[in-house]
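The numbering of the sequence shown is the working numbering, which starts it at 161 and goes up by one.
We put the beta carbon where it would ideally sit given N, CA and C, even for glycine.
All remarks here apply to the structure that follows.
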Amino acid sequence: MQVETHQTNHTYHPLFSSEEADVVLGSKDDTTYFRLHSFTLKMASSWFRAMFTLPQQSQQTPVSATPTPPPSHPHTASSDVIRLDEDADTLEGLFRMICGQPIPRLDSYDVIEPLLYAAEKYDMPGPISIIRALVMTPALLEEPLRLFAIACRYGWEDEARLASAQTLTLNIHEPQHRPHLQKLGTDALLDLFSLHRERRERLRQRLNEAPFIDDRGPATCTACGYSIDYHTWRELKYKIIMEMDERPLGDQICTPGLIEWREARACWDARCTNVGCSRVLYDKVETARVIKECIDQLPTTV
Numbered sequence: 161m162q163v164e165t166h167q168t169n170h171t172y173h174p175l176f177s178s179e180e181a182d183v184v185l186g187s188k189d190d191t192t193y194f195r196l197h198s199f200t201l202k203m204a205s206s207w208f209r210a211m212f213t214l215p216q217q218s219q220q221t222p223v224s225a226t227p228t229p230p231p232s233h234p235h236t237a238s239s240d241v242i243r244l245d246e247d248a249d250t251l252e253g254l255f256r257m258i259c260g261q262p263i264p265r266l267d268s269y270d271v272i273e274p275l276l277y278a279a280e281k282y283d284m285p286g287p288i289s290i291i292r293a294l295v296m297t298p299a300l301l302e303e304p305l306r307l308f309a310i311a312c313r314y315g316w317e318d319e320a321r322l323a324s325a326q327t328l329t330l331n332i333h334e335p336q337h338r339p340h341l342q343k344l345g346t347d348a349l350l351d352l353f354s355l356h357r358e359r360r361e362r363l364r365q366r367l368n369e370a371p372f373i374d375d376r377g378p379a380t381c382t383a384c385g386y387s388i389d390y391h392t393w394r395e396l397k398y399k400i401i402m403e404m405d406e407r408p409l410g411d412q413i414c415t416p417g418l419i420e421w422r423e424a425r426a427c428w429d430a431r432c433t434n435v436g437c438s439r440v441l442y443d444k445v446e447t448a449r450v451i452k453e454c455i456d457q458l459p460t461t462v
C-alpha cells in the first residue's frame, strides 16, 4: 500500500464517487479510484481501523506535529490517495460487499479467490462470510480441489468435507491438479491423499474376504472336484482396484464396468474345465451386488 498526494483529476468508479466521502483509494493498475467513508472502512475492516488510528500528518508539517484529520473533499489536489495492491475489479467487488451494493457474480474461482485474499489481507470478515454462503453453487462445485483448498484455508469444515467427497471423481495424481494441491496445507493434503488411498485399499481388502472366492491357493470345483483356476477373478479384481485408483468414487465399477469390461465378461463366462461338468464359476448378479455394497460402505469425506 502506498499513500500519494494526487495532483490530477482521476477516474472514479460511479458507485463510489460521492464528494462527501473522506477517503480516496486507488487500484494498483492506476485505472480506477474509489471514494469511501472512513467510518465504513473502519467498521468493515480492522486493518483500516488500525491504520486510521495512526497519526495523520500533512507533507508540510514536521514529524512531531499534531495529527491532521483527513480532508473533507478528497477530490481536491491536496488530498491523499491510498494506493492498494489489488486491481480495480477486485476492489470494486470488495467495496460493493462492505457498502451494501449489489455484489458481483460469484461463479468463478478467478473472481472469488482474489476477493477472499483481499478480504483476508484487510481483515474483512463480512465479504468472507458472503462468499462462504454462496460458494456451494454448481459452477464452483465443478472444481472441487479449488473449493477444498479454499475451505481448508479459511477453516470451513462443512464445505471442506463436501468438497473432499466431490474430489473422488478425480485422479488427484494427474499433473493438471498439481497447482491446486500445492495450495493445500500439509495436514489438508495428507487428509485428502489418505481418503483416496483408504477407499482403494479397503475395497482391495474386502474383495479378498468372504463371500468372495479365495483365489490365493489351489481350488477344486464344488460340483465335480476337478481342479480349477480362478485367474479370471484375479484379473477382474485387479481391474477394479485400478479403476478405484483412477476414480476413487467407484461409481463406474458396477455400471458399466462389470457389464462391459473385458475382464468382467471373461469372469462371467468362466466355467469348470471338466467337459462333463462345465459349471459356471461365478454368480454375476450376486457378485455385482456385493461389490456395490462394499463400495457404498467406504468412507466418503476427510
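L201 and G410 have their C-alpha atoms roughly 49 Å apart. Pairing L275 with L294 gives a Cβ-Cβ distance that is not under 8 Å. By the neighbour-count definition (other C-beta atoms within 10 Å, threshold 16), V440 is an exposed residue.
Between A379 and C414 the beta-carbon gap is near 25 Å, outside 8 Å, which marks them as no contact. Rounded to whole angstroms, the gap between the alpha carbons of A181 and A325 is 47 Å. Ranked by Cα distance from A210, the options D283, H173, C432 and Y390 are led by D283. Bounds of the beta strand (DSSP E) holding R195 are Y193 to L196.
For I290, same chain residues with a beta-carbon under 7 Å away, outside a window of 5 residues either side, are M257 and I263 in chain order. Distance from G286 to A204 at the Cβ level is roughly 6 Å; contact confirmed, criterion being Cβ atoms closer than 8 Å.
CA-CA distance, G377 to P339, rounds to 45 Å. With respect to the C-alpha of Y442, the residue from T191, L251, D389 and F208 having the closest C-alpha is D389. Excluding five sequence positions before and after E246, the CB atoms of its chain that fall closer than 8 Å to its own CB belong to S187, K188, L254, P274 and A278, given in chain order. Within the same chain, Cβ atoms closer than 6 Å to the Cβ of I373 are found at Y390 and W393, the five residues on either side in sequence being excluded. The alpha-carbon of T461 is positioned some 42 Å away from that of C381.
For R439, no alpha helix (DSSP H) encloses it, and the DSSP letter there is neither H nor E.
A Cβ-Cβ contact shorter than 8 Å links L363 with L458.
Counting other Cβ atoms within 10 Å of its Cβ, A323 reaches 16 or more and is therefore classed as buried. Per DSSP, L352 is one residue of the alpha helix (DSSP H) stretching across T346 to L367. In the three-state scheme derived from DSSP, where H, G and I count as helix and E and B as strand, Y172 is classed as strand. Between the alpha carbons of I242 and L185 lies a distance of about 5 Å. I388 sits in a strand when the DSSP states are folded into three classes.
Around the Cβ of Y193, a 10 Å sphere holds 16 or more other Cβ atoms; the residue is buried.
Secondary structure of R407 (DSSP, three-state): coil. Less than 8 Å separates the beta-carbon of I288 from that of Y314. With fewer than 16 neighbouring CB atoms inside 10 Å of its own CB, T433 falls in the exposed class.
Annotated as distal: L350 and A309, with beta-carbon spacing of 8 Å or more.
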